[in-house]
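First residue of the sequence shown? That's 3 in my numbering, and the numbers climb one at a time after it. The beta carbon of each residue, even a glycine, is placed where N, CA and C say it ideally should be. Since the model is a prediction, treat every value here as computed from it, not as a measurement. Written out below as structure tokens is the structure these notes cover.
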Amino acid sequence: MDAYLRRIGADRPGHANATALRELQERHLRSVPFENLSVHLGEGIVLDEKRLVDKIASAGRGGICYELNGAFAALLRDLGFRVQLLQARVFGEDGTLGIPYDHLALLVETEDGAGRWLADVGFGDHSHHPLAFDLREEQHDPAGAFRIVPAGGRDAPGDADGHGDLDVLRDGKPQFRLETRPRVLGDFRAGAWWHSTSPESHFTRSLVCSRLTAEGRTTLSGRRLVITRGGERHEETLHDDPAVFAAYRDHFGIRLDRLPTDPRAGEDGRSDRGGGADGD
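This is how it looks when you write it as structure tokens:
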């Protein structure tokens, strides 16, 4: 866990409070990339807590939601936070919900019992700070205005009764639907398997590595490098393998001995379509 803290540039907090949680989440987002390289390196997604922590703390890698939030939960528990794993289904662009166990998010309680927080370091471009779990009013974050509302409420699509589930909205648009029943890491194996093998999963159809920065965000999708600083977008196509290796190393701290296969690559091996890191 000390190596994990060094990876995200954080000191061990003196107290497991809301201030510490906020700092840990933001440092994690700026240090550990959201990436699906394992899917295209043939490595598989293994939901074992020790292996998830080792992947981040020792191997210098990132991961998708199950890996990032699974490891972050272990770190938070080690630091004195109480953590529950929650399953969620992600809203598609057309408003339909994804598969069960589509996303893993964290419900975190501080040691002083001062409140409950929705923490998430595994949803790509999302809130920078934890969200107050029991607050139904708008919460302002550097990434936008967020609300947690009963599922199927007037501000979100879905079933009228909602069955006690909650919808997380960003700038009025639903992001995912949370089930409030606590889960364990093994419950997410089917979702991780589907996302890493199904031709219908966007993870098998795209290649992405993305990290929050102090100025904006840096995303590498195949050979397409996009850097956003202060609202200005700069896009570059990397024309050879050494440039791609260097981009993974210099922008994300990832050192690879081989490049992942890009499913959108043309005959010349270059990605001929764009991709993004928005969403899980």
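C-alpha gap between residue i and residue j, whole angstroms
i: Ser212; j: His17; result: 30 angstroms
i: Ser283; j: Phe254; result: Here the chain covers residues 3 to 282 and nothing more, so residue 283 does not appear.
i: Asp163; j: Gly154; result: Caution applies to Asp163, whose pLDDT of 42 falls short of 50 and renders its modelled position unreliable; the model cannot decide the point.
i: Pro176; j: Val123; result: 18 angstroms
i: Gly233; j: Val55; result: 33 angstroms
i: Phe93; j: Arg172; result: 12 angstroms
i: Thr230; j: Leu106; result: 27 angstroms
i: Ser200; j: Asp114; result: 43 angstroms
i: Asp157; j: Phe83; result: At Asp157 the pLDDT is 46, less than 50, meaning the model places this residue with poor confidence and gives no usable figure here.
i: Glu238; j: Thr112; result: 43 angstroms
i: His128; j: Leu31; result: 10 angstroms
i: Glu139; j: Ala22; result: 23 angstroms
i: Ser203; j: Gly11; result: 33 angstroms
i: Leu133; j: Gln141; result: 7 angstroms
i: Val2; j: Leu108; result: Since the first residue of the chain shown is 3 and the last is 282, residue 2 is not available in this structure.
i: Ser60; j: Asp243; result: 25 angstroms
i: Phe205; j: Phe74; result: 21 angstroms
i: Gly174; j: Glu95; result: 13 angstroms
i: Leu26; j: Phe125; result: 16 angstroms
i: Leu147; j: Leu137; result: The sequence as given places Ala at residue 147; Leu does not occur at that position. Approximately 13 angstroms between the Cα atoms of the pair.
i: Ala76; j: Arg53; result: 11 angstroms
i: Ile66; j: Arg251; result: 19 angstroms
i: Pro35; j: Gly166; result: 32 angstroms
i: Asp274; j: Trp196; result: Confidence is the limiting factor: at Asp274 the pLDDT is only 30, short of 50, which leaves the residue's position unreliable and the question unanswerable from this model.
Run of the alpha helix (DSSP H) containing residue i, from where it starts to where it stops
i: Asp4; result: 4 to 9
i: Phe74; result: 67 to 80
i: Glu95; result: Glu95 -> no alpha helix (DSSP H), and no H or E assigned at all.
i: Arg185; result: Note, Arg185: premise wrong, no alpha helix (DSSP H); not H, not E.
i: His30; result: 20 to 33
Span of the beta strand (DSSP E), counted from its first residue to its last, around residue i
i: Leu120; result: 118 to 121
i: Arg91; result: 84 to 92
i: Arg179; result: 175 to 180
i: Gly193; result: Here Gly193 belongs to no beta strand (DSSP E); instead the alpha helix (DSSP H) covers 191 to 199.
i: Glu111; result: 105 to 111
i: Val151; result: 146 to 152
i: His142; result: 141 to 143
i: Asp169; result: 168 to 172
Beta-carbon gap between residue i and residue j smaller than 8 angstroms
i: Gly64; j: Glu37; result: yes
i: Asp169; j: Arg179; result: yes
i: His130; j: Leu214; result: yes
i: Arg118; j: Phe135; result: yes
i: Tyr6; j: Ile47; result: no
i: Arg266; j: Gly224; result: yes
i: Arg91; j: Gly100; result: yes
i: Leu78; j: Val41; result: no
i: Leu49; j: Tyr68; result: yes
8 angstroms contact criterion, which residue i and residue j should meet: CB distance rounded
i: Leu209; j: Pro262; result: 6 angstroms
i: Ala121; j: Asn19; result: Incorrect: roughly 13 angstroms between the Cβ atoms, too far for contact.
i: Val246; j: Leu87; result: About 34 angstroms; that fails the 8 angstroms criterion.
i: Asp104; j: Gly44; result: No, Asp104 and Gly44 are not in contact; Cβ-Cβ is about 23 angstroms, not under 8 angstroms.
i: Leu240; j: Leu227; result: 6 angstroms
i: Pro184; j: Leu81; result: At roughly 19 angstroms, the Cβ-Cβ gap does not stay under 8 angstroms, so Pro184 and Leu81 are not in contact.
i: Glu28; j: Gln89; result: With a Cβ gap of about 24 angstroms, Glu28 and Gln89 do not count as contacting.
Check: residue i C-beta below 7 angstroms from any heavy atom of the ligand SAH
i: Ser203; result: Absence of the ligand SAH from the depicted structure is noted, as is the absence of any ligand whatsoever, leaving it without description.
**Request:** Write down every uninterrupted run of the alpha helix (DSSP H) in the region 208 to 274 whose length is 4 residues or greater and which is fully enclosed by it, in chain order.
**Result:** 243 to 254
**Segments assigned beta strand (DSSP E), at least 3 residues, entirely inside the region 36 to 69** = none
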